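Below you'll find the structure, written out as structure tokens, and then a few comments.
So this is what it looks like as structure tokens:
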């Protein structure tokens, strides 16, 4: 009975933390912002995400924002997850340490909206998504050199203010 | 409105360029070929329905009943470049779009005219600094006849630019240059 | 360049055509590559970037007072609401209390923007599906709304009225009476819209049972706004995560379970009336007082990450700012509603006729610069 009640409830940050550590113990949390942020290494992403999606008490079925941040020494993938049934929100960050050849598993199988988002991230940050159905440059031409949103991107035609 | 149009000199512009002599058997007229061609051409410009961003909305406003550009002879908007005389480039042109714009322009039959609508098409406008993908002025790609500044320009400004274009067409010497070439 | 047959006919005999980037019904420069078997759509692949203006890169070098101005060029039909999102995220980070007068005016202007945006959608949906008259009907009211924007904000389309802390100017003394005039005009004429399109059998047949988007798919593709609400998904940010005092107002979240293009049409039509309802509650009760809270000349956000979402006319716009403590964003990401809605189109359109693709695009109502940013 208690478990049934749990499934229809919005989880607090503490409960989310507890559930997350059940799935992946070696996680670091960041609670400074509005949402609970869980930081995991990029290699572990896919199994963790699958659990987050499928566990009935978490059931994060809605990926509402996916992006990447270039911190110069590493890249940080950011996934904003929300559960439409329970209405709780969690941010998962995956740290990619290899900035020269960054790659990470695609989450397309879990959330279909990831397809275009990952195309965009590949285009602008150069992160290669493994097992992505159709990875391509989404915005720029196929022969574009460099990844514009990376901090080390140099464009000789750009007029800087 | 009627009186104001006359003040703006529109009446002269719409009048037939030349002299009409009435005779009992119907009359005749004296005019220059260039004048009459330009007169006809300037009053039936068919613009291409080409909008990339915000300015296209203001262009739609210019089409609709309040501003109504068909008053000035821009009645028919065409969706294909092969049937248009005028391309109003309304909105930013980025590097990826540039070849498409060039191709559209090449597909238009001569004589063809270009209006650069809005700051983006003139110089890149708000997207001038720190951008990696915006073309800084469409005159890098195609020749421009009239520039309309604004972000976006008001419909009145667009109308004014089109009337300016009509004036330019009226002063054209298309036929004469063809004869000179021979 | 001449094309050989192998360039547009695949091995399975499917015919490949390009819609766009210059196509009258794509509302801009969207390019869709469509694989057809006869007239039936087998596959759709969106090709973007024909208006990618690098707004996110530019935002990294603009101050927190400047960066919002680019967003009114993103989804230019909800320009005010985009600016509002940018102002709200700064206010959230600095924990600034916005004066009540500014909040009320912000909501009124946002809802007017929403009506104007839906009117333009109505016009273009009619135009795409073969009717020119709705265009003139809708633009008559849109012009009236634009003239209010013009009088109060100084621009018709990209107004940049919302600033961090409030609004940039106070409204004119005749603001209330002008808004009431426009609302009266809108309500008096609304029956004409229903008469010309809603009751039109040809129009209904073009939309009914076309472009089914189930609730599960809407969630999976991240659809928001009227597109998702027509699939029975509760996703109105104004209700779920209220901002700027929406929680004090009485209005309904319009939900339909039809899931097809017709449901999307109905939701948008009903939403316009809800916006009128919101404005009517506020227009006589605009509090007196300041219009902008005091902020420093050079705004510096504390170190951290901030996410703010608002409900634009097309769905959920999220502004994600990563600050390193400086006066410009370290990273600025816009989660745009149209981008997510677009990703559903290949799924929705499969199996329908090519003519239906126009109907699907008309009711999903994409704004391409918002997709490309």
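Residue numbers (the numbering used here), protein chains in the order written: chain A, 3 to 163; chain B, 291 to 472; chain C, 562 to 934.
The C-beta atom is built at its ideal place from N, Cα and C for all residues, glycine as well.
On a predicted model such as this, the values are computed, not experimentally measured, just so you know.
**Study point:** contact_flag[the segment 338-345 of chain B, the segment 369-383 of chain B] where n(CB pairs < 8 Å) is 3 or more
**Key:** yes
Review point. Taking Cβ-Cβ distances shorter than 9 Å, what residues in chain A pair up with residue 392 (chain B)?
Key: As a working mapping, residue 392 (chain B) is identified with position 102 in the second chain. Within chain A, no residue comes near residue 392 (chain B); the closest Cβ sits about 15 Å away, beyond 9 Å.
Point to revise | Whole runs of the beta strand (DSSP E) within the segment 376-442 of chain B, excluding any shorter than 3 residues | key: 376-380, 403-407, 436-438
Review point. Within this structure, are the beta carbons of residue 927 (chain C) and residue 591 (chain C) separated by less than 9 Å?
Key: What you label residue 927 (chain C) is simply residue 366 of the third chain in a count that begins at 1. What you label residue 591 (chain C) is simply residue 30 of the third chain in a count that begins at 1. Cβ atoms of residue 927 (chain C) and residue 591 (chain C): closer than 9 Å.
**Study point:** Residue-level contact to chain A via CB, residue 342 (chain B), 9 Å cutoff
**Key:** Position 52 of the second chain, counted from the first residue, corresponds to residue 342 (chain B). It does not: the Cβ of residue 342 (chain B) has no partner Cβ on chain A nearer than 9 Å.
Review point. Quick one, which of C:580, C:596, C:586, C:584 has its alpha-carbon nearest residue 574 (chain C)'s?
Key: Counting from one through the third chain, the residue named residue 574 (chain C) turns up at place 13. When each option's Cα is compared against that of residue 574 (chain C), the closest is C:596.
Point to revise | Endpoints, alpha helix (DSSP H) assigned at residue 826 (chain C) | key: For the purposes of this step, residue 826 (chain C) is taken as the residue at position 265 of the third chain. First-last of the alpha helix (DSSP H) with residue 826 (chain C): 822-844.
Practice item. Go ahead and pull the three-state DSSP assignment for residue 884 (chain C). Key: Sequence index remark: in the third chain, residue 884 (chain C) carries index 323 (1-based). Of the three classes helix, strand and coil, the one that applies to residue 884 (chain C) here is strand, per DSSP.
Practice item. Answer with yes or no whether the minimum CB distance from residue 1 (chain A) to chain C is below 9 Å. Key: In the structure as shown, chain A begins at 3 and stops at 163. Residue 1 (chain A) is therefore absent and cannot be evaluated.
Point to revise | Contacting residues, own chain, Cβ-Cβ under 6 Å from residue 339 (chain B) (five flanking each side not counted) | key: Residue numbering aside, residue 339 (chain B) sits at position 49 when the second chain is read from its first letter. Closer than 6 Å at the Cβ level, and outside the excluded window around residue 339 (chain B), lie 367, 369.
Review point. With 16 as the cutoff for other CB atoms within 10 Å, does residue 647 (chain C) come out buried or exposed?
Key: Numbered from 1 along the third chain, position 86 holds the residue referred to as residue 647 (chain C). Classification for residue 647 (chain C): buried.
Practice item. State the CB to CB distance for the pair residue 842 (chain C) and residue 649 (chain C), rounded to an integer number of angstroms; the pair is presumed to be in contact (CB under 8 Å). Key: As a position in the third chain, residue 842 (chain C) is number 281, starting the count at 1. As a position in the third chain, residue 649 (chain C) is number 88, starting the count at 1. With 8 Å as the limit, residue 842 (chain C) and residue 649 (chain C) do not qualify as a contact, their Cβ atoms being about 21 Å apart.
**Study point:** Helix, strand or coil at residue 105 (chain A) [DSSP, three-state]
**Key:** For the purposes of this step, residue 105 (chain A) is taken as residue 103 along the first chain, with counting starting at 1. DSSP places residue 105 (chain A) in strand when its eight states are reduced to three.
Check your understanding: Can you give the Cα-Cα distance for residue 929 (chain C) and residue 753 (chain C), rounded to whole angstroms?
Key -> For the purposes of this step, residue 929 (chain C) is taken as the residue at position 368 of the third chain. For the purposes of this step, residue 753 (chain C) is taken as the residue at position 192 of the third chain. Approximately 29 Å, taken between the alpha carbons.
**Study point:** Every unbroken alpha helix (DSSP H) within the segment 343-379 of chain B, with a cutoff of 4 residues, ordered by chain
**Key:** 344-353
Point to revise | Bridge partners - residue 131 (chain A), DSSP secondary structure assignment | key: The sequence position of residue 131 (chain A) within the first chain is 129, counting from 1. Partner(s): A:106.
Exercise for review: Could you name the residues of the segment 893-906 of chain C whose beta carbon sits closer than 9 Å to any beta carbon of chain A, in the order they occur along the chain?
Suggested key: 894, 896, 900, 901, 903, 904, 905
Check your understanding: Which residues does DSSP pair with residue 895 (chain C) in a beta bridge?
Key -> Within the third chain, residue 895 (chain C) is the residue found at index 334, counting from 1. In DSSP, residue 895 (chain C) forms a bridge with C:880.
Exercise for review: Count the C-beta pairs between the segment 665-672 of chain C and the segment 445-460 of chain B that are closer than 8 Å, then say yes if the count reaches three, no if not.
Suggested key: no
Review point. What residues in its chain sit with their C-beta under 7 Å from that of residue 615 (chain C), if we drop five residues either side in the sequence?
Key: Start at 1 with the first residue of the third chain, and residue 615 (chain C) comes out as number 54. No residues qualify anywhere along the chain.
Review point. Quick one: is residue 562 (chain C) near chain A, going by C-beta distance under 9 Å?
Key: Mapped onto the third chain, residue 562 (chain C) falls at position 1. Since pLDDT at residue 562 (chain C) reaches only 49, below the 50 mark, its modelled position is unreliable, and the value read off the structure follows with that caveat. Output row for residue 562 (chain C): interface = no.
Exercise for review: Could you list the residues in the segment 738-770 of chain C with a C-beta less than 8 Å from some C-beta on chain B, going in chain order?
Suggested key: none
Point to revise | Sheet register partners of residue 796 (chain C) (DSSP bridge) | key: Stepping through the third chain from its first residue, residue 796 (chain C) is reached at position 235. Paired residue(s): none; residue 796 (chain C) is not in a bridge.
Practice item. May I ask you to report which of helix, strand or coil DSSP gives residue 64 (chain A)? Key: To locate residue 64 (chain A), count along the first chain from 1; it is residue 62. Strand.
Check your understanding: Cα separation between residue 702 (chain C) and residue 588 (chain C)?
Key -> Indexing the third chain from 1 puts residue 702 (chain C) at position 141. Indexing the third chain from 1 puts residue 588 (chain C) at position 27. Each residue's alpha carbon lies about 20 Å from the other.
Review point. Under the DSSP definition of a beta bridge, which residues are partnered with residue 70 (chain A)?
Key: Here residue 70 (chain A) refers to the residue found at position 68 of the first chain. In DSSP, residue 70 (chain A) forms a bridge with A:79.
Practice item. State the start and end residues of the unbroken alpha helix (DSSP H) segment that holds residue 464 (chain B). Key: Sequence index remark: in the second chain, residue 464 (chain B) carries index 174 (1-based). 464-471 is the span of the alpha helix (DSSP H), which, as asked, contains residue 464 (chain B).
Check your understanding: With a cut-off of 8 Å, do at least 3 Cβ pairs link the segment 784-795 of chain C to the segment 745-761 of chain C?
Key -> no
**Study point:** Neighbour-count burial assignment, residue 835 (chain C), 16 or more Cβ in a 10 Å radius
**Key:** On the third chain, position 274 is the one that residue 835 (chain C) refers to. By the 10 Å Cβ count, residue 835 (chain C) comes out buried.
**Study point:** Residue interval of the beta strand (DSSP E) (run including residue 607 (chain C))
**Key:** Numbered from its first residue, the third chain carries residue 607 (chain C) at position 46. Residues 601-608.
Check your understanding: Rounded to the nearest angstrom, how far is the Cβ of residue 92 (chain A) from that of residue 38 (chain A), given a contact under 8 Å?
Key -> Locating residue 92 (chain A) in the first chain gives position 90, counting from the first residue. Locating residue 38 (chain A) in the first chain gives position 36, counting from the first residue. With 8 Å as the limit, residue 92 (chain A) and residue 38 (chain A) qualify as a contact, their Cβ atoms being about 6 Å apart.
Review point. What are the boundary residues of the alpha helix (DSSP H) that includes residue 324 (chain B)?
Key: For the purposes of this step, residue 324 (chain B) is taken as the residue at position 34 of the second chain. Unbroken alpha helix (DSSP H) run through residue 324 (chain B): 323-332.
Practice item. Compute the distance between the beta-carbons of residue 783 (chain C) and residue 904 (chain C), then report whether it is under 9 Å. Key: In the third chain, residue 783 (chain C) corresponds to position 222, counting from 1. In the third chain, residue 904 (chain C) corresponds to position 343, counting from 1. Result yes, Cβ atoms of residue 783 (chain C) and residue 904 (chain C) sit closer than 9 Å.
Practice item. Could you pull the start and end residues of the beta strand (DSSP E) that residue 694 (chain C) belongs to? Key: Position 133 of the third chain, counted from the first residue, corresponds to residue 694 (chain C). It is not in any beta strand (DSSP E) - residue 694 (chain C) instead sits in the alpha helix (DSSP H) that spans 694-714.
Check your understanding: Between residue 607 (chain C) and residue 594 (chain C), what straight-line distance do the alpha-carbon atoms span, to the nearest angstrom?
Key -> Here residue 607 (chain C) refers to the residue found at position 46 when the third chain is read from its first residue. Here residue 594 (chain C) refers to the residue found at position 33 when the third chain is read from its first residue. Approximately 6 Å, taken between the alpha carbons.
Review point. Got a sec? Which residues, its chain only, sit under 7 Å from residue 833 (chain C) by beta carbon, not counting five neighbours each side?
Key: Stepping through the third chain from its first residue, residue 833 (chain C) is reached at position 272. Excluding residues within five positions, the ones whose Cβ falls inside 7 Å are 676, 679.
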